[in-house]
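**Student:** Below: one structure in structure tokens.
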Amino acid sequence: MAKLRIAGTWVGVIDLELENWTVAMLREEVAKRSNAQRPDSINLISAGKVLKDGDGSQNLTQLGIRNNAKILATRVSVDEGKSLEQELMAEEERSRRLARVKAAATALSKRHVDGSLPIEDFNIELENQGGQKVQLGTETDQRAVMMGLMLHENAKNLLTRQLYKDALEVLTMGEEAFSLCDPKVLEFIDNVPILQIDMVWCYFLLRDISWLSVAGIRLEKAREGLERCHGKDFSRVRLLQAGCQPELALHMRLELLEGVVAYHNGQLDKSKKALTSAQAKFSQLQVPDEALSHVMSMGFKERDARRALRLNNQDIGRAVDFLFEEKAKRKQKREDDIQHKIEIMELKQYGVTPLKKAVNVEKLKELVAIGFEKKLAAEALRRNENDFQKALDDLTNPETNSAIQLDIESRKRKREQRAVNARIEELVSMGFDRSRVVAVVQAGETMEQTMSRLLPEVDPLLAFDANSSGNPASEASNLNPDSVEGPLTADEERDVEMEDELARDIGKADALSDYDIEVTKEGEAIQEYLALLASTDSKEALSSC
């Protein structure tokens, strides 16, 4: 009689005769013990290979299964009504979506790094954990890091929605993006080692031990990266985060995964050490009900209160201070976002440089601080490709300064004429006589006044409604009569829906998002593998007797 050790959906030992049992019989037994409705909802994995039923002629011995072998059992969702064609269509749709994610991240990172005028009403910038803007290496490095971060955030969103396979694909894209960056630039960025941990976490959630060898390598790189970024005693990250302890959950997940990999590699002592350490950290992360209730009584939501206590080692005073600081930061961020939107709208009025770049805001502020009129300074920067010295030379030269002013006035008149022509064509298309429309529009009145003169007996409110449902391009010209010529849209077709999704993902993130981990699944996994180790220890003790 042989014994097979089962882990995963059901944990325990099955006594059987390897020569008489087939894979189908083993699958049915595991399904029965795990209360699965259907045996075909159970996957069996041994030595990194999925066990197939085949024609039922081969027994377990013939398949290489030996006494005391470890079998990983996982439960898969079986939709009986799903046809093969539907599955293929779903896979094609998934592939298309992943391709859209990559394309959108590529487009966003390109536009928001190379100085192009933002098409959106927001701008994406790289910041450190203190919230300060940073410049990392070359433009290529900046683009690679920004793209990697966007993809990582999107993958974390997919993880939250339990779309583990999709999350792993997007994390792989993120890893590829980071690989385009100079390694020296990445040395002190902890996003890369965190991404490695998240990839191995996906392997675990998918219960795919075929990734076992590469998982160990990824975890080694992740530990080295975190120690380099955080310091071996976490002193660096705690200094950056004003004394709070954000790293605990992340390192707990790292140790859990190290313990799992060691277990499946037969390194039981190493596995036990890692899992025991992870269990200790898991215990530290448990929030006492009394502390949670105390913080919530001050008006904070449960999730925020739990997060604050977890990040501050259950210290109520520090947790409350942390919550008020976070509230102030969010308020400041909203104000900054509003200011950024105003600046972007203003930039769109100035147009783009010959190389299709936006006017540099910081250089514009410097010229305005010297005493130059804003529109004049913006035009000087625009025509000189944001070269501050050349723009300053033009502004201080009476002849070029005068030429710039004349140019601004000339373009302004042309834009106003285009707006008038657009309004005339709009009104003529409604059926009004062209000569009468021209005479009324040339008076320079608003659209409402123009409609009132053309239709004197019409209710003014209806005339106003006609204006609001009119030509959007004409309305835009009326709202921005001083806007400067220049292409304000990308040449290529944009995937607005996917770009907005990526923007929302990164908009929700903050300096502590990578450390804010809900640890329920980790706790269950720790108990599962400690039980497996205990089972192994007890069997070894019995065999030695």
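Be aware that the sequence shown starts at 0, since it is given in numbering that gives the first Met the number 0, and climbs by one per residue.
Glycine included, every Cβ here is placed at the ideal spot set by N, Cα and C.
Starting from Arg217, trace the alpha helix (DSSP H) both ways and give me its first and last residue.
**Tutor:** Position 218 of the sequence shown, counting from 1, holds the residue named residue 217. First-last of the alpha helix (DSSP H) with Arg217: 211 to 229.
**Student:** What number of angstroms, rounded off, separates the C-alpha of Lys364 from the C-alpha of Glu342?
**Tutor:** What you label residue 364 is simply residue 365 of the sequence shown in a count that begins at 1. What you label residue 342 is simply residue 343 of the sequence shown in a count that begins at 1. The straight-line gap from Cα to Cα measures roughly 11 Å.
**Student:** Helix, strand or coil, according to DSSP, for Gly53 in the structure here?
**Tutor:** If you number the sequence shown from 1, residue 53 lands on position 54. Three-state DSSP puts Gly53 in coil, outside helix and strand.
**Student:** For Thr399, which residues in the same chain have their Cβ closer than 6 Å to its Cβ, ignoring the five residues on either side in sequence?
**Tutor:** The residue you call residue 399 lines up with position 400 of the sequence shown. Excluding residues within five positions, the ones whose Cβ falls inside 6 Å are Asp393.
**Student:** If you drop the 5 nearest sequence neighbours on each side, which residues of the same chain put their C-beta closer than 6 Å to that of Leu426?
**Tutor:** Against the sequence shown, residue 426 aligns to sequence position 427. Hits under 6 Å: Val436.
**Student:** So for Ala89, helix, strand or coil by DSSP?
**Tutor:** The count along the sequence shown starts at 1 and reaches residue 89 at position 90. Looking at Ala89 - three-state DSSP - the assignment turns out to be helix.
**Student:** Using CA coordinates, which residue listed in Thr159, Asp189, Pro182, Met146 is at the minimum distance from Trp200?
**Tutor:** Mapped onto the sequence shown, residue 200 falls at position 201. Residue Thr159 is the option with its Cα nearest to Trp200.
**Student:** Leu179 by DSSP, collapsed to three states: which one?
**Tutor:** Residue numbering aside, residue 179 sits at position 180 when the sequence shown is read from its first letter. DSSP places Leu179 in coil when its eight states are reduced to three.
**Student:** Report, in whole angstroms, the separation of the C-beta atoms of Ala547 and Gly258, which I expect to be a contact under 8 Å.
**Tutor:** An answer regarding residue 547 cannot be provided, because it is not within the stretch 0 to 544 covered by the chain.
**Student:** Between the stretch 205 to 216 and the stretch 138 to 155, are three or more C-beta pairs nearer than 8 Å?
**Tutor:** Flag = no, the stretch 205 to 216 and the stretch 138 to 155 do not touch.
**Student:** Along the alpha helix (DSSP H) that carries Ile188, what are the first and last residues, could you check?
**Tutor:** Here residue 188 corresponds to residue number 189 of the sequence shown, with the count starting at 1. Careful: Ile188 lies outside any alpha helix (DSSP H) and carries neither H nor E.
**Student:** Under three-state DSSP, which class holds Arg32?
**Tutor:** Within the sequence shown, residue 32 is the residue found at index 33, counting from 1. Three-state DSSP puts Arg32 in a helix.
**Student:** Going by other Cβ atoms of all chains shown within 10 Å of its Cβ, with 16 needed for buried, is Ile216 buried or exposed?
**Tutor:** For the purposes of this step, residue 216 is taken as the residue at position 217 of the sequence shown. Classification of Ile216: exposed, given that the 10 Å Cβ count is below 16.
**Student:** From Met344, Val260, Val144, Ala290, pick the residue whose C-alpha is nearest to that of Gly173; which is it?
**Tutor:** On the sequence shown, residue 173 is found 174 positions in, with the first residue counted as 1. Checking every option, the nearest Cα to that of Gly173 belongs to Val144.
**Student:** State the CB to CB distance for the pair Ala23 and Lys69, rounded to an integer number of angstroms; the pair is presumed to be in contact (CB under 8 Å).
**Tutor:** Stepping through the sequence shown from its first residue, residue 23 is reached at position 24. Stepping through the sequence shown from its first residue, residue 69 is reached at position 70. No, Ala23 and Lys69 are not in contact; Cβ-Cβ is about 20 Å, not under 8 Å.
**Student:** Nearest by alpha-carbon distance to Gly136: which of Val184, Asn264, Ala508 is it?
**Tutor:** Here the question's residue 136 lines up with position 137 in the sequence shown. Out of Val184, Asn264, Ala508, Val184 has the C-alpha closest to the C-alpha of Gly136.
**Student:** On a Cα-Cα basis, can you pick out the residue from Val191, Ala524, Pro38, Lys164 that is closest to Arg93?
**Tutor:** Walking along the sequence shown from the start, residue 93 turns up at place 94. Closest option to Arg93, Cα to Cα, is Lys164.
**Student:** Check the C-beta distance from Leu25 over to Ala1 and give it rounded, since I have them as a contact under 8 Å.
**Tutor:** Locating residue 25 in the sequence shown gives position 26, counting from the first residue. Locating residue 1 in the sequence shown gives position 2, counting from the first residue. 11 Å between Cβ atoms; not a contact.
**Student:** When you compare only the Cα positions, how much space is there between Phe387 and Ala357?
**Tutor:** Sequence index remark: in the sequence shown, residue 387 carries index 388 (1-based). Sequence index remark: in the sequence shown, residue 357 carries index 358 (1-based). Approximately 14 Å, taken between the alpha carbons.
**Student:** Work out the CA separation of Glu90 and Gln526 for me, nearest whole Å.
**Tutor:** Here the question's residue 526 lines up with position 527 in the sequence shown. Here the question's residue 90 lines up with position 91 in the sequence shown. Near 35 Å, if we compare the C-alpha coordinates of Glu90 and Gln526.
**Student:** Under DSSP, the beta strand (DSSP E) around Asn42 begins and ends at which residues?
**Tutor:** In the sequence shown, the residue the question calls residue 42 occupies position 43. That run of the beta strand (DSSP E) goes 41 to 45.
**Student:** Mind checking who Leu15 pairs with in its DSSP beta bridge?
**Tutor:** For this step, residue 15 is matched to residue 16 along the sequence shown. Answer is Ala1.
**Student:** Is it buried or exposed for Pro287, if we count other Cβ within 10 angstroms and need 16 for buried?
**Tutor:** On the sequence shown, residue 287 is found 288 positions in, with the first residue counted as 1. It is exposed - the Cβ of Pro287 has fewer than 16 other Cβ atoms within 10 Å.
**Student:** Is any beta-carbon of chain D found at less than 8 Å from that of Leu218?
**Tutor:** Here chain D cannot be found, since the structure has a single protein chain.
**Student:** Distance check for Ala530 and Thr21, CA to CA, integer angstroms please.
**Tutor:** Looking up residue 21 in the sequence shown gives position 22. Looking up residue 530 in the sequence shown gives position 531. Straight-line Cα distance between these residues: approximately 27 Å.
**Student:** For the alpha helix (DSSP H) that Lys374 lies in, which residues bound it at each end?
**Tutor:** Counted from its first residue, the sequence shown places residue 374 at position 375. That run of the alpha helix (DSSP H) goes 373 to 382.
**Student:** Just the C-alpha distance for Gly224 and Lys101, rounded to the nearest angstrom, thanks.
**Tutor:** What you label residue 224 is simply residue 225 of the sequence shown in a count that begins at 1. What you label residue 101 is simply residue 102 of the sequence shown in a count that begins at 1. Going by the C-alpha atoms only, they are around 25 Å apart.
**Student:** Write down the C-beta distance between Ile188 and Arg252 rounded to the nearest angstrom, noting that I regard them as a contact closer than 8 Å.
**Tutor:** By 1-based counting over the sequence shown, the position of residue 188 is 189. By 1-based counting over the sequence shown, the position of residue 252 is 253. So it is not a contact: roughly 19 Å between Cβ atoms.
**Student:** Using C-beta distances below 7 Å, list every residue in its chain close to Glu168, excluding the 5 sequence neighbours before and after it, in chain order.
**Tutor:** Your numbering for residue 168 matches position 169 in the sequence shown. Excluding residues within five positions, the ones whose Cβ falls inside 7 Å are Leu97.
**Student:** Less than 8 Å between the CB atoms is what I'm expecting for Ala290 and Gln313, so what's the real figure, rounded?
**Tutor:** For the purposes of this step, residue 290 is identified with residue 291 of the sequence shown, where counting begins at 1. For the purposes of this step, residue 313 is identified with residue 314 of the sequence shown, where counting begins at 1. Indeed they touch by this definition, with Cβ atoms about 6 Å apart.
**Student:** Can you name the start and end residues of the alpha helix (DSSP H) that Ile208 belongs to?
**Tutor:** Reading the sequence shown from its first residue, position 209 is the one you call residue 208. Premise fails: Ile208 is in no alpha helix (DSSP H) and is neither H nor E.
**Student:** Taking the beta strand (DSSP E) that Thr73 belongs to, which residues open and close that run?
**Tutor:** For the purposes of this step, residue 73 is identified with residue 74 of the sequence shown, where counting begins at 1. From DSSP, the beta strand (DSSP E) with Thr73 extends over 68 to 74.
**Student:** Can you tell me where the alpha helix (DSSP H) holding Gly506 begins and where it ends?
**Tutor:** As a first step, residue 506 is located in the sequence shown; it is residue number 507 there, counting from the start. Counting along the chain, the alpha helix (DSSP H) containing Gly506 begins and ends at 495 to 507.
**Student:** Rounded to the nearest angstrom, what separates Ala318 and Val191 at their Cα positions?
**Tutor:** Residue numbering aside, residue 318 sits at position 319 when the sequence shown is read from its first letter. Residue numbering aside, residue 191 sits at position 192 when the sequence shown is read from its first letter. Each residue's Cα considered, the two are about 28 Å apart.
**Student:** Taking the DSSP output, what are the residues bridged to Lys300?
**Tutor:** On the sequence shown, position 301 is the one that residue 300 refers to. Its beta-bridge partners do not exist; DSSP assigns none.
**Student:** Decide if Ile403 is buried, meaning its Cβ has at least 16 other Cβ atoms within 10 Å, or exposed.
**Tutor:** Within the sequence shown, numbered from 1, the residue matching residue 403 stands at position 404. Buried, by the Cβ-count rule.
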